[in-house]
Structure formats: C-alpha cells, structure tokens
Amino acid sequence: MSITRSTAASRGRFETRTGRKLELRLLAAVSAVVLAGIGLLVMAQTQTWKEAPVRPLNLSSAISPAELERVLNLFEHPGDRKFAAQKIVAYLRNHHPESVGDLRVVRISLQDVARTPDLKSFAQRAGAFRERGSDYSFPLLTSAQMAQLRPFVSIRTSGHYYQLLIVHAALFFLAFFVLHAVWQTRRSAGDQCLLPIALFLSGSGFLMMIRLRDPLRDALLFGDFSIGVIIGCMVAFLTSLPDYERSPLRRLAYVPLLLSFGLSVILILFGSGPGLSDARINLKLGPIQFQPVELIKLLLIFFLAAFFADRWEFLRRLRQSPRTLPGPLRSIQLPMLRYSAPLLIAIAIAISFFFLEKDLGPALIVSVLFLFLYAVARSKPTGAVAACIALVAAVGIGYGLNVPRTVTDRLSMWLSPWDNFVLSGGDHLAQSLWSFSAGGLSGSGLGMGDPASVPAAHTDLVLAAIGEELGFVGLLCVGVAYVLLIHRAFRISVSSRGAYSVFLGTAAALVIALQVIFIAAGILGVLPLSGVVTPFLNYGKSSAVSNFALLGILASLSRDSMGNVGESFARQLRWVKRILAAAALVIFVQAARVQVFQGDFFLGRGALVTQADGHRRYTYSPRVLEAAQSIPRGTIYDRNGIPLASDSAELLRSYRAHYARMGVDLEDVLRRGGSRFYPFGALTFHLLGDARSRLNWGASNSSYVERELNSVLQGYDSRDVVARVKDRPNGPEHLALRRDLRELVPLVRYRYRPDKKAVRDILDRNRDVHISVDIRLQAKVAAIMDQRITASGTKHGAAVVLDPETGDLLASVSHPWRDVARAQEIIGRSETIPDNRQLIESLLDRARFGLYPPGSSFKLVTSIAAYASRPDAHEVRYECRRLPDGRVGNYVRGWGRPIRDDILDRHPHGSVDMERGLVLSCNAYFAQLGKFAVGAQRLLDAAARFGIRVAVPNTVKQLNDALPQASYGQGQVVASPLQMARVAAAIGNGGSILPVRIDLRSAVPAPDSCLTSQQAAILSRHLRRAVTEGTGTAAAGSSVPVAGKTGTAEVRNQPAHAWFVGFAPYGSLKKIAFAILMENARYGGRAAAPAAAEIADAAAALGLFRQSRAGAGDGILE
0 MSITRSTAAS RGRFETRTGR KLELRLLAAV SAVVLAGIGL LVMAQTQTWK
50 EAPVRPLNLS SAISPAELER VLNLFEHPGD RKFAAQKIVA YLRNHHPESV
100 GDLRVVRISL QDVARTPDLK SFAQRAGAFR ERGSDYSFPL LTSAQMAQLR
150 PFVSIRTSGH YYQLLIVHAA LFFLAFFVLH AVWQTRRSAG DQCLLPIALF
200 LSGSGFLMMI RLRDPLRDAL LFGDFSIGVI IGCMVAFLTS LPDYERSPLR
250 RLAYVPLLLS FGLSVILILF GSGPGLSDAR INLKLGPIQF QPVELIKLLL
300 IFFLAAFFAD RWEFLRRLRQ SPRTLPGPLR SIQLPMLRYS APLLIAIAIA
350 ISFFFLEKDL GPALIVSVLF LFLYAVARSK PTGAVAACIA LVAAVGIGYG
400 LNVPRTVTDR LSMWLSPWDN FVLSGGDHLA QSLWSFSAGG LSGSGLGMGD
450 PASVPAAHTD LVLAAIGEEL GFVGLLCVGV AYVLLIHRAF RISVSSRGAY
500 SVFLGTAAAL VIALQVIFIA AGILGVLPLS GVVTPFLNYG KSSAVSNFAL
550 LGILASLSRD SMGNVGESFA RQLRWVKRIL AAAALVIFVQ AARVQVFQGD
600 FFLGRGALVT QADGHRRYTY SPRVLEAAQS IPRGTIYDRN GIPLASDSAE
650 LLRSYRAHYA RMGVDLEDVL RRGGSRFYPF GALTFHLLGD ARSRLNWGAS
700 NSSYVERELN SVLQGYDSRD VVARVKDRPN GPEHLALRRD LRELVPLVRY
750 RYRPDKKAVR DILDRNRDVH ISVDIRLQAK VAAIMDQRIT ASGTKHGAAV
800 VLDPETGDLL ASVSHPWRDV ARAQEIIGRS ETIPDNRQLI ESLLDRARFG
850 LYPPGSSFKL VTSIAAYASR PDAHEVRYEC RRLPDGRVGN YVRGWGRPIR
900 DDILDRHPHG SVDMERGLVL SCNAYFAQLG KFAVGAQRLL DAAARFGIRV
950 AVPNTVKQLN DALPQASYGQ GQVVASPLQM ARVAAAIGNG GSILPVRIDL
1000 RSAVPAPDSC LTSQQAAILS RHLRRAVTEG TGTAAAGSSV PVAGKTGTAE
1050 VRNQPAHAWF VGFAPYGSLK KIAFAILMEN ARYGGRAAAP AAAEIADAAA
1100 ALGLFRQSRA GAGDGILE
C-alpha cells in the first residue's frame, strides 16, 4: 500500500487554490451565535421597559421646567421642585449629557438659595455650609436623590437606542467579513481559524458591552467597542502584510526598544490616569486619547524576538568563564555576559519605566514573557525559575514594606478577600467572586443577571460578568476559545521557517496567554489582581488594536509556515505549553469550585471592608441584598392585634380608627415612614428597634424584636452575629453586624422562576409576629412615667409590667423615650452614633438592661432565700435598737460598722419579724436575717434565679465580704427593673418563676418554684400591709389593691434611686406585676409608689383584670 505525503509548501498552495471557505463558514456560524445573543439581550431589555411603572422623561428632548417638575416628586415642597427643575433645564440647554448621572455636575451656590424664596430642603442643606462663604456651591441633587430620580428620566428613547445598536452591530460584523474578504482577495494562505476565534471572543465582549449599561440612561459602551474592533481589523490587515522573517525589524532590534523607551518617557511626563488614579496610562493628543502601554508592549515583543533570534545559539552554547564571576556564581553555568547583559539591561529599564508609570500589569506581563523566551532560547529553565523566585521574593519584600501601595493593596485583597484593610476597592475580589457564583452552572441568562453591579465589569472583571450571565458553561466556552487561539499560535510558531518568526509567534502567543491567565486567576482569587486586560473582551480601543495587531502577526506567520527551524525549539515550547495548560487547569478547577460546587457559600458570604466613611463594615452581594429586599418584611402586632411595625401602608390604614383613638396621626406616620412604618415611633423603639437604620443594633445591652426575631420577620435566618472589628490594624474596636445570607441564594438563582419550590419555601413563610406587649398599656405607662419623673425633678427612669401567670412582658418604658426620635433624626441611617451623651443615653433600654442598686426592694429576694433556709423564716426575729450615734439599727457580729436604717426612722423597731421588717423596711432586720438565717450561698442562689448579680465577681467568697449590706440591696448588688418585676411576679404567682416571654408564638414553659403557695401568700400579705400601713402608703390610693415594696437605693455622691416593686390586684388570681425606678428621685415611697398606683388603675381601666371569683371581699379584682 502506497503512502501519500505532503509538505507544508504543498498544503499552502492547496489552501491558496481553495480560498478561505472554512474561515467564511466559521465566521457565519459564530456570527449567528453572537446575533442570537444580541436578540436575547434586546428581548430582555424590551421586557424590562414594558414592566416599568412609568414612561421616563427624555432629557435629551426639549423639555420645560413644568414637565420636569412632574417627575421631581423626591422633593416634597413645591418651591424645591420648581427650583430644581429650573436649574436642570438650564443645564440641559447648554450641555448634551451622555448619561443621567451627568446631572451630578449641576451645582448651586449659597447665593442662589438665598435669592430664591419659598425653598425648604435646599435652605436646610444650605444652612450646613453657611460658614464656607456665600460663593460656596454644592450639588443640586444628593446621591440618594439621584437614585430616586433615575427611574423617571432617560437620556435617549428606545427607538434611538435600537438605531444605535443596529448600526454598531452591523459595523462590528462588517469589520470581520471585510477583513476576510481582503485576505480572500489577496489569496492569503494563512490560518483560517484565527479570525473566527477572534470574532467569537470579541462578540462575547460586544454582548457584555451591551449588557453592562442601562440602554436608556447610561453612556453606551458598545459604540466605542465596535469602533475599536473596526480599527483593530484594519491594523490586523496591516500587520498581516509583512514577511517578518525578511522584515527590517529583525535587523534593527534596538529601534523598537528605543521607541518604547521614548513613549515611556512621554507617558511619564504627560500621561494621566483614569479617574483619581495616579497611574500614568492615558496620553491625550488633541481630541484623541489612547493608551501607549499597548504599543509599548508590541514594540518590546519585536525587540525580544529580534534579540533572541540573533543570539539564541550563543546563549545556549557560550558560557561565561567562571574565573570572571564572583565566588558564589562560579558553580552556575551562565551564558556569556557579552550576549546576555544588553538584554537584561534593556528589560530592566523597560520594567522600570512601567513602575514609574505606576502601571504594574504590563510590567508583570513583560517580565514573565521575557523569562519564558529566555528559557526557550537557553533551552534550560534554571535561570528563568531562579528569576521567578526572585520576582516573588521582591513582591513579598515590597508587601512587607508596603511599597508600592497598589501592589500591597492587591496582595492584601488576595490574601484576605473577605476581611482586609484596603482603603478603596477592598471588595473588588469579593465582588468578582459574588458575580461568578451568581452564575452557577448555566448562568442567569443574557440580560437576566446583575453584572453591572460589579466594579470595572467592562474592563478588569469582564470575565466575571460573562460567568454570571452565561455560567460555568459559558465561561468554559470562552476558555476553550482562548485555548484554541493559543494552541494555534504555538503551532504556527513551531512550523515557522526562521528563528525570528519562531520567537515572534511565541511572544504573540505568550502575551495573549499570560494576559488571560493573570486576569482570570486574579479575579478568581488564584493569584493577586494584576490589572491586565482580557484580550478581545475588554472595553478599550487601545487594547483592541493591540490584540488585533497580534492576530495579524500570527496570520502573517501562518501564511509562511513551511519551514522546520521550529524543531530546534519544539521541546522547549512543549514545556511552555504544558505550564500554560497546568495554569489553565487550575483556573478552570477554581471556576468550577466558585460557580458550581461552592457557589452558595461564596454568594451568601459577606466581606468586611472599608466603606466610604472610613469605617469597616460587612458588605454583601448586591444580588442577595436585592433578593432580601424583595421579601416583604413581616408585620409586628401587639397582643391585641394592633400593628406596631409594618411595610404595608394599606394594612396600617385599615387600623386608622384604632390609631386615632390612641392619638396617632397615621398620615403623618406614612408621610415620614420610608420603607417601614412605626406608628408609635419612639414609644416602641426600645422594644422593637428600627429595621431601617438598625440604630444601636450592635449594642449588647439591647433586645429589639426587629433584631431578635429578624429571621422570622424577614422570612429567612441570616444568623446575625455582632462582631468586634477594627478600622485599622492597630485601631480601636467597634461593633459590626455579620450576616449569613446563603438561605437567600435560591431567590437569586431562580429570580425569574417564582414557582420553583425552593423559592416558594421562602416566600410562603408566615413572617408576621405577635408580641406580648399591650400597646395601650405601654402608652399609659409612658405617660405616667413622663408626668412622675418630671414632677420629681429628675430625668431618667423606667417601668416594667409583667403578667405573672405567663411571664408575658406587657409594657416596658425607658425614660426619656422621646429623645430617641431626635437621635434617629440626627443619626439618620448611619450606624455610627455621634459623641452626644444625651442621645446615647436615650438609646439605653433602662427597663430591661439598666443595672441599679435595688435598695430595700431587694429584701424580697432575701425573704425568698430565707424560706429556702427554713420554712418558718417569717417567724424569725431580730433586734432593731438605737445606736450610740442616735440612729436606728444594730450591729452584726463580725462587722465593726453598724447597720443603720433610714435617717428618718426616729424610733427603734424593737423585736422584728419578717412582716414588720418588710412593712417598716428595717435594714437591721434583713442584715441579720441574711447573715444568720440565709448565708451567702443561698442568697447568691436565690438572686441567680432572677438573673440578679450580688457581687463582683459573683461568688460566695466575694458576697461574704458584704453580706449584711447585700441582704438589704446595697453593697455590690445591682438589678434591672425587669429583674425586680420578675421577683414581684413570682410572689404574686404563688411562688412560681416564669421566664419573660415577648414572642407569643412560644409556649408558656413549666414554672420554676421558689416558694410554696403558702409562703407566697404570707409574703403577699406582708407586701399588702407595706402599702396600707408601711413605706408604700402612697400606692394605697389606687382603686385596685396594690401589694409591693419600696426601695431607696443609696448612690455614692448622688441622691438615692427610688423604687417600687409589686403586683396588683392583691388577692386576685389574675394580676400584673411591675417594677418602677426613678433615678436619683430619693425615696421610693414618695416618688415611685404613686406611679405604681396609677399604673394599676390604668391596667384596670383597660380591662386587664376581672372580678374575683371569691366575691366582693376587700374590693379585690381578678
């Protein structure tokens, strides 16, 4: 059997005869794919416009101020609307904005505001700048107002947008087919796969440029992109013309090097950076702006190819004499410095220029390109590997020294993408990972994702945008296209007919490969971000021209690929391809991990980064936050079904009559509300919190329903954790809220499939909450405390009301609660609390978390502890006598200082039992009872059952040191009003202790007994006598029989705190228990007891008690 063999020359002649039919067919197929993508995007955009609630006002057309006023509802006052409309229209008459965002440049001066009558919000904003002088100007619209205005205005119509898209899409495709036609006409025998691959990659970039901007409101990207492709195709044609093996560029190696040096100097002197960056990237020549860095890279490629082509044999075979080298280098076989030194110097200078330009991406590409080419030329990787190690070490040293800052920031992001101290853009890598993970396996669909939320999605992170819209499958297709392009480039290099062509083709292949690898690895977290471009996908005419120039060079080399000189480098190039393939494999594995295997983890994770205000807080994927906001937050109802917090204005209006009876102006609430409404405002702040601002949510001494039941109200469990964070590595700590939003991932993945079970499982949950508080009683108690605290001449206080039978919290008021409204207004939506003591104090929930010495009210705890010691504790007697200084009290064995009763007690109490001790509030009795009948351990145990701390540290040993004082509520004893209310509730409930309940969904637990029912009845009788005959007689005037104990808690260098702790009605089966505290109001019997009586009357008036089953006796209510 005969075998037919063909040469490269004969194959080239056959391709010339048959034309470029394969290329044409591939171009047609790829064009069909890209056109289908454009169609999908247009369909998605059209559907979005159809679903828009209003038709936007086109700012590019001739509009009048009156027309604009109609969409400026973000200003409540008509005068503000008219003023803003006039200023915007005046700006539009003289300017042609490219996007709605250009309105940010409209500024107004203080003089403008002062000259214009009938302004409200502008006058208020101007007031903050008065000290800066009358010429000072500030933006007409704030960032928040711009966001509010954006949906109602546009910069172009949908018809105009379609025209632009059709024109630029036609030009985009035409550029490729014209280039094909020219090559066909010239009978070029070059590689027929290069141009279709470039079309596929550029087409993918073109789709992303369409997708990444709002077509009606933003400056469009696809126009410049298509122009870049057109120019690029023209350059590709020009660079495909020369026969590079015979080109003068080979002989004039240093000419491109010197040109690159010259461009670098010009760029350093006259270049500028994007935005506020100090990098020198852009060069402007009249109306033309371009990036010389791309041209510099091409020039360096020509230099390296020419240098290595002329000297590769010398570099391989001639070695530097060991005698001319320093001692440590003599054992290393180095190439002759005569041939290698010029190259090293040239590359060092080129890289130095990149550093001076502060554009480190090209420096990295050129460095690694040089090392690869050097290894190929030398046929030994030792020097290249050593140089790579040195390069990594240099970067590590720079990171340790924090120089240069750009590199250290990127390294910090790479080392810790979820928690870093980078001042600006610390979340860029996290944003990239969120975008990739949102795409999953198959992507959200063209036009259906949210890649526009990714910073620099049109440049550095364009692959992340593709990964989100097209998923891992789409990303894999793009990756395969790059692999095919690079493979064919290396194939062209190996089959080249001269050394210059080999190195030129290899350099072109490596530049494309390295750029893809470094940018893909950077945005996936495999390597630090490098800032290099993504070939053919990136926005930017300069990069497009550069990449198409490389394409033309490869096309030219493939036309003449009929030699075998590449065989001298085949082994080295195989190793290069293996290294690149290994890198590509690592990138694809990481992409699969981020998008497929651990996508939910990445998408729901938060990043702790520095925000615009300089504070570090957790930020989350915008897609997940949008999903969270799409779930209506549940309504919080009081125990009678009155809404206390809701997102629904309609729901609140259905309760208008209830609110009116309680004095709530519902329309005012709805006018001020925002995203969530709190009809009772500051009255319920300490109980509910504020889900809008999350004000004080990080405080450990708070318990807000909005926070504690957040997982129920929002419909998912975000596992909120209060974390301690620092704004600087060595700065002070502050609190930040960390959330886990993985549960919401199905809402992101299936946002357009609401019938999906995973979505319905979240959306169909009951998110409403009913709490134990009676808002009617809450309002009554607040009014009583307002009046009583004001009458006492003090400022602070608290009151708690419980249901003893269930542990339900019925009311909880911390005074001054009205100041919370001012705190919310001043702090706004910021999580940072200003240095204002009055505002900070208003946020403290005194009723539940304020800790105060309880004074004589603590004698109830000592009495309970005494019963634990001996059942007849109420019969135990101790002496109260006159002391040598004339005061009333007694000595306790083991303590040198006497125990004194109140200075107003003029007569000794004599032999005192528990009843008289409570009625007369005898300190001497309880000091002795605690010391001799109770003991430190039992007192500690009894207090612990109510959560009360009696010593610091709270140990028996520490308590023993002040046991007599602690037994009557002094020493180191501190308690909250809520804790003391629980003590009263236990006595009123027959000795049964119940935990405090606020969520009515939770069942009432089995009680914990601290007293027998008989002991509780005895103590109740004592407390009733304390009101009718003892220190609490000011509470006896209530229409409801009150039982309770006063407390006058001494405070060092300040007036005593006034307490009253008790329950009502006495003798009834149905009761309320309460604790009233008034800071520094002196005597509990004078200040707090009257408030207790009024609270009992208020509860009776609200029908919280029923007539006793026992009959009329003593007017007892049940």
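Mapping to numbering that gives the first Met the number 0: the sequence shown position 800 is 799, numbers consecutive.
Note that CB positions come from ideal geometry on N, CA and C, so glycine has one too.
In this text, all values refer to a predicted model and were calculated from it rather than measured experimentally.
Residue closest to residue i, alpha-carbon to alpha-carbon, out of the options
i, options, result
"ILE344", "SER366, TYR481 and LEU432", "SER366"
"HIS685", "PRO907, PRO815 and LEU251", "PRO815"
"GLY204", "SER225, SER187 and MET412", "SER225"
"SER1012", "TRP417, VAL177, PRO1004 and LEU1068", "LEU1068"
"ALA508", "GLN44, LEU258, PRO534 and ALA437", "PRO534"
"THR407", "TYR253, PRO380 and LEU359", "LEU359"
"LEU712", "ARG316, ILE287, ALA304 and ASP767", "ASP767"
"VAL721", "GLY697, VAL70 and GLN183", "GLY697"
"GLY261", "ASP242, SER966 and LEU298", "LEU298"
"LEU687", "ALA83, ASN709 and GLY673", "ASN709"
"ARG490", "SER545, LEU460 and LEU556", "LEU556"
C-beta atoms of residue i and residue j nearer than 8 Å
i, j, result
"LEU173", "GLY222", "no"
"ILE236", "VAL181", "For the record, residue 236 in the displayed sequence is Phe; it is not Ile. Result yes, Cβ atoms of PHE236 and VAL181 sit closer than 8 Å."
"GLY929", "PRO963", "yes"
"PRO853", "VAL972", "yes"
"GLY714", "ILE630", "yes"
"THR1030", "GLY1084", "yes"
"LEU475", "VAL623", "no"
"ALA846", "SER813", "yes"
Opposing strand residues paired with residue i [DSSP bridges]
i, result
"GLU66", "DSSP lists no partner for GLU66."
"MET1077", "GLY796 and ALA1057"
"THR609", "ARG615"
"CYS879", "GLY909"
"PRO116", "BP columns for PRO116 are empty, so no partner."
"VAL1050", "GLN1053"
"ILE863", "DSSP, once it has assigned bridges, lists no residue as partnering ILE863."
"VAL973", "ARG948"
"PRO642", "TYR636"
Exposure label - residue i; buried when at least 16 CB within 10 Å
i, result
"TRP574", "exposed"
"VAL1050", "exposed"
"LEU414", "exposed"
"ASN401", "exposed"
"GLU68", "buried"
"ASN729", "exposed"
"ILE165", "exposed"
"TYR499", "buried"
"GLU75", "exposed"
"VAL772", "buried"
"LEU643", "buried"
"ILE516", "buried"
"ARG264", "Arg is not the amino acid found at residue 264; the sequence shown has Val there. With fewer than 16 Cβ atoms within 10 Å of its Cβ, VAL264 is classed as exposed."
"ARG828", "Residue placement at ARG828 cannot be trusted, given a pLDDT of 40 that sits under 50; the coordinates are not used to answer."
"PRO870", "exposed"
"PHE596", "exposed"
"PHE269", "exposed"
"ASP79", "buried"
"VAL384", "exposed"
Whole-angstrom C-beta distance between residue j and residue i, which should lie under 8 Å
i, j, result
"VAL982", "VAL860", "6 Å"
"PRO803", "PHE1062", "6 Å"
"LEU193", "LEU513", "About 18 Å; that fails the 8 Å criterion."
"MET784", "GLY796", "6 Å"
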